[in-house]
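The next block holds one structure in the form of structure tokens; read it before the comments.
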Amino acid sequence: MNLRKLFYPLMAALLITACGKENDEPTPPPTDRVEPEITACNVSEGQEVDPEALTEIRISYNTTVTLNNADRITLNGSRLTASVSEGNTVVLPVELKMGTDYQLVVPAHAVIANNGASYGPALTLKFKTLTKGQDPSEPTNFAPLTNTNATAQAVNVYNFLIQQHGQKIISGAMANVNNNNDMADWVNRVTGKYPALTGYDFIHLKDSKPGAWIDYSDIAPARTQWQNNGLVTYMWHWNAPNSKEDYEKGATGKYGFYIPGKGSEGTEFDIREALKEGTWQNEFLLADIDRVAEVLGQLQQAGIPVLWRPLHEAAGDYRYGPWFWWGRHGDEYVKQLWILLYDRLVRYHGLNNLIWVWTAQCQRGYEAQMKASYPGDEYVDIVGVDLYPDNDNSQVVSYKAALDMTDGRKLVSLSEVGRIPSPQKCMNDGAYWAWFMEWYTYNIDNNAAVDDFGNTRDAWKQVMTSPFVMTREQMPDLKN
Numbered sequence: 012m013n014l015r016k017l018f019y020p021l022m023a024a025l026l027i028t029a030c031g032k033e034n035d036e037p038t039p040p041p042t043d044r045v046e047p048e049i050t051a052c053n054v055s056e057g058q059e060v061d062p063e064a065l066t067e068i069r070i071s072y073n074t075t076v077t078l079n080n081a082d083r084i085t086l087n088g089s090r091l092t093a094s095v096s097e098g099n100t101v102v103l104p105v106e107l108k109m110g111t112d113y114q115l116v117v118p119a120h121a122v123i124a125n126n127g128a129s130y131g132p133a134l135t136l137k138f139k140t141l142t143k144g145q146d147p148s149e150p151t152n153f154a155p156l157t158n159t160n161a162t163a164q165a166v167n168v169y170n171f172l173i174q175q176h177g178q179k180i181i182s183g184a185m186a187n188v189n190n191n192n193d194m195a196d197w198v199n200r201v202t203g204k205y206p207a208l209t210g211y212d213f214i215h216l217k218d219s220k221p222g223a224w225i226d227y228s229d230i231a232p233a234r235t236q237w238q239n240n241g242l243v244t245y246m247w248h249w250n251a252p253n254s255k256e257d258y259e260k261g262a263t264g265k266y267g268f269y270i271p272g273k274g275s276e277g278t279e280f281d282i283r284e285a286l287k288e289g290t291w292q293n294e295f296l297l298a299d300i301d302r303v304a305e306v307l308g309q310l311q312q313a314g315i316p317v318l319w320r321p322l323h324e325a326a327g328d329y330r331y332g333p334w335f336w337w338g339r340h341g342d343e344y345v346k347q348l349w350i351l352l353y354d355r356l357v358r359y360h361g362l363n364n365l366i367w368v369w370t371a372q373c374q375r376g377y378e379a380q381m382k383a384s385y386p387g388d389e390y391v392d393i394v395g396v397d398l399y400p401d402n403d404n405s406q407v408v409s410y411k412a413a414l415d416m417t418d419g420r421k422l423v424s425l426s427e428v429g430r431i432p433s434p435q436k437c438m439n440d441g442a443y444w445a446w447f448m449e450w451y452t453y454n455i456d457n458n459a460a461v462d463d464f465g466n467t468r469d470a471w472k473q474v475m476t477s478p479f480v481m482t483r484e485q486m487p488d489l490k491n
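Going left to right, the sequence shown walks through residues 12 to 491 as this note's numbering numbers them.
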């Protein structure tokens with residue numbers, strides 16, 4: 012038997028079986044392969060950073076990654092020692108100097124994914140550090156608190172917000188209307204983190220009393236938030252009587268905050284009459300302010316500062332008119348009521364725990380009206396805008412319009428929002444929101460996969476784990 016004649020045909024058959032026919036199509040990549048993309052970086056293009064605060068650059072990807080040691084990741088031409096944290100974040104320790112321009116270069120093949128089948132995108136990023144003598148915690152363009160007698164805690168909160176400017180956005184979630192932390196609790200169940208800020212609404216003040224279904228004198232939700240180093244904000248959907256008869260009879264079921272035709276709870280309550288001494292409208296107005304003052308006073312006694320945001324969205328829609336009774340008769344009356352509120356709460360009731368937040372109505376083409384509605388620097392500490400876009404863009408146009416409204420003297424917050432903007436996009440675009448306040452989903456189910464505004468569980472996780480977002484777990488103790 013000729014063994015050589017048997018050996019070569021056998022080897023050929025084995026090779027064909029192992030490798031396939033010569034003209035077979037190549038095996039396609041697995042369909043579940045995720046091509047690596049950068050999802051977050053704690054430094055953005057053109058950003059000015061504090062060299063003492065930034066000790067490492069962190070670049071996160073949308074999938075598990077490893078490093079290709081053959082490619083150099085450099086900062087100003089010097090190679091950085093890189094590592095991978097939590098499977099998807101490249102960590103680059105840095106030692107930065109004051110007043111220096113930097114360029115970070117991550118080559119296209121430096122980051123590997125899918126067991127070597129894919130590479131991360133190239134990244135070139137330019138940023139700079141503060142010059143000597145600059146203090147990032149106290150930008151000279153932000154005015155001090157309007158109340159010179161502000162409590163130490165209020166000053167601590169305000170200074171902390173200034174310190175985060177351009178670095179971190181404070182995360183926030185609005186409470187349900189019955190004065191609870193349900194929305195914040197849901198965010199925690201979804202992400203494992205609590206919002207740093209929770210919001211409450213005096214919307215049912217007319218029904219509030221001890222033992223009732225709503226009792227604002229029970230400040231337990233706000234106290235829980237503050238005791239855990241969180242921040243607190245209050246607003247006021249202000250229900251007012253539809254008529255003198257309703258007021259005198261205490262017919263609170265007929266109270267409302269919308270003007271007639273704008274919502275189911277309409278009222279003819281007239282702000283012009285309410286600002287006149289001796290009218291029944293003025294009597295109601297002062298009595299309601301005094302009721303709110305009692306709760307705000309409890310918070311002050313408990314050492315809790317409040318980001319206080321009354322008279323929100325006064326202008327309504329510049330094209331179609333106002334929504335609420337406080338804005339029905341124009342800017343001048345709203346400003347008078349704002350100043351009355353300020354004087355009554357601060358000077359009459361001695362409430363020094365309030366940081367005053369004015370909600371500016373922002374629409375393109377109406378910047379002049381937006382500016383005209385502003386009550387004035389001496390009565391406002393922070394400006395907010397309420398936006399409900401169907402995307403996660405930075406909303407930088409609205410941010411800059413609100414910033415320009417005060418010539419850059421006041422911080423700007425996203426005081427209500429539906430879809431949460433991408434923190435990375437905010438930093439890239441220079442939309443340095445002091446905080447975002449996600450509006451509540453009514454009676455949100457523990458197992459809900461998405462909130463009422465299209466923010467999925469995954470979207471919430473991405474926001475709450477962003478290096479540009481502050482959660483309650485990251486908050487310092489601002490009590491003393």
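Backbone N, C-alpha and C define an ideal beta-carbon position, used for all residues, glycine too.
Going by Cα to Cα distance, which pick from the options is closest to residue i?
i, options, result
"Tyr130", "Arg44, Asn458, Thr370", "Arg44"
"Leu242", "Leu310, Trp224, Ala298", "Leu310"
"Arg218", "Ala195, Ala184, Thr235, Ala262", "Looking at the sequence provided, one finds Asp at residue 218 rather than Arg. The candidate whose alpha carbon is nearest that of Asp218 is Ala262."
"Phe153", "Asn170, Ser96, Val357", "Asn170"
"Gly395", "Gly376, Ala442, Asp354", "Ala442"
"Ile49", "Gln114, Ala64, Ala124", "Ala124"
"Asn190", "Lys220, Gln58, Gly338, Asp415", "Lys220"
"Gln58", "Glu449, Gln347, Phe479, Ala304", "Phe479"
"Pro432", "Asn454, Ser409, Gly419, Leu414", "Ser409"
"Leu134", "Gly267, Val357, Ala163, Arg83", "Arg83"
Please report the residue range of the beta strand (DSSP E) in which residue i lies.
i, result
"Lys472", "That residue, Lys472, is in no beta strand (DSSP E); its alpha helix (DSSP H) goes 468-475."
"Trp369", "365-371"
"Asp212", "208-212"
"Met246", "242-246"
"Arg283", "Note, Arg283: premise wrong, no beta strand (DSSP E); alpha helix (DSSP H) at 282-285."
"Glu484", "Looking at the DSSP string, Glu484 is not in any beta strand (DSSP E), and its letter there is neither H nor E."
"Glu427", "422-428"
"Glu449", "447-449"
"Ala383", "It is not in any beta strand (DSSP E) - Ala383 instead sits in the alpha helix (DSSP H) that spans 378-383."
Could you give the first and the last residue of the continuous alpha helix (DSSP H) run that contains residue i?
i, result
"Phe138", "From DSSP, Phe138 is part of no alpha helix (DSSP H) but of the beta strand (DSSP E) over 134-140."
"Asp440", "434-440"
"Ile70", "Segment 67-72 is the beta strand (DSSP E) holding Ile70; no alpha helix (DSSP H) there."
"Gly308", "291-312"
"Arg234", "231-238"
"Glu56", "No alpha helix (DSSP H) holds Glu56; DSSP gives it neither H nor E."
"Gln505", "The chain is shown only over 12 to 491; residue 505 falls outside these bounds and no answer can be derived."
"Leu172", "163-175"
"Ala11", "Summary: the structure shown does not reach residue 11, with the chain confined to residues 12 through 491, and so no result is reported for it."
"Ile393", "Unbroken run through Ile393 is the beta strand (DSSP E), 393-398; no alpha helix (DSSP H)."
"Trp197", "193-202"
"Met416", "407-416"
"Trp319", "Counting along the chain, Trp319 falls outside any alpha helix (DSSP H), though it belongs to the beta strand (DSSP E) covering 317-320."
"Ala459", "Here Ala459 belongs to no alpha helix (DSSP H), and DSSP marks it neither H nor E."
If you draw a straight line from the C-alpha of residue i to the C-alpha of residue j, how long is it?
i, j, result
"Arg430", "Glu256", "42 Å"
"Glu288", "Thr476", "52 Å"
"Trp369", "Leu286", "20 Å"
"Pro271", "Asp397", "22 Å"
"Gln293", "Gln174", "First, the amino acid is wrong: residue 293 is Asn here, not Gln. Asn293 and Gln174: Cα-Cα distance of roughly 41 Å."
"Lys179", "Met194", "22 Å"
"Val198", "Trp291", "44 Å"
"Lys382", "Gly277", "28 Å"
"Gln473", "Asp328", "32 Å"
"Leu425", "Ala81", "44 Å"
"Leu78", "Thr85", "14 Å"
"Glu279", "Tyr269", "9 Å"
"Asp61", "Met109", "8 Å"
"Gln374", "Asn87", "42 Å"
"Thr140", "Asn53", "14 Å"
"Asn158", "Val345", "20 Å"
"Glu149", "His176", "Bear in mind that a pLDDT of 38 at Glu149, under 50, signals an unreliable position, so the model cannot answer this."
"Ala93", "Pro386", "51 Å"
So, at 6 Å on beta carbons, what are the nonlocal neighbours of residue i in its own chain, with the 5 sequence-adjacent residues on each side left out?
i, result
"Glu494", "Outside the shown range of the chain (12 to 491) lies residue 494, about which nothing can therefore be said."
"Asp146", "Note that Asp146 scores 43 on pLDDT, short of 50, meaning its location in the model is unreliable; the coordinates nonetheless yield the value given after this. Nothing listed; no residue qualifies."
"Lys204", "Met475, Thr482, Glu484"
"Thr202", "Trp471, Lys472, Met475"
"Pro104", "Glu67"
Looking only at its chain, what residues have a beta carbon closer than 8 Å to the beta carbon of residue i, apart from the 5 residues adjacent to it on each side?
i, result
"Thr100", "Arg69, Ile70, Ser71, Tyr72"
Return the chain-ordered list of same chain residues with a C-beta closer than 7 Å to the C-beta of residue i, the five sequence neighbours on each side being excluded.
i, result
"Asp488", "Asn240"
"Ala233", "Tyr211, Val243, Leu310, Ile315"
"Arg200", "Asn457"
"Pro434", "Ile180, Val474, Ser477, Phe479, Val480"
Would the C-beta of residue i count as close to the ligand NAP, meaning under 7 Å from any of its heavy atoms?
i, result
"Tyr130", "Only the bare structure without any ligand can be found here, which leaves the ligand NAP out of the picture."
Does the region 111-121 come within contact of the region 328-337, defined as at least 3 CB pairs closer than 8 Å? The region 111-121, when compared against the region 328-337, does not touch it at the 8 Å Cβ threshold.
_Tell me whether the region 356-370 and the region 398-410 touch, counting them as touching only if at least three CB pairs, one residue from each stretch, are closer than 8 Å._
With a cut-off of 8 Å on Cβ pairs, the region 356-370 is not in contact with the region 398-410, counting fewer than three such pairs.
Using 8 Å as the threshold, is the region 333-349 in touch with the region 317-324, meaning 3 or more CB pairs across them? In this structure the region 333-349 touches the region 317-324; the number of beta carbon pairs closer than 8 Å is three or more.
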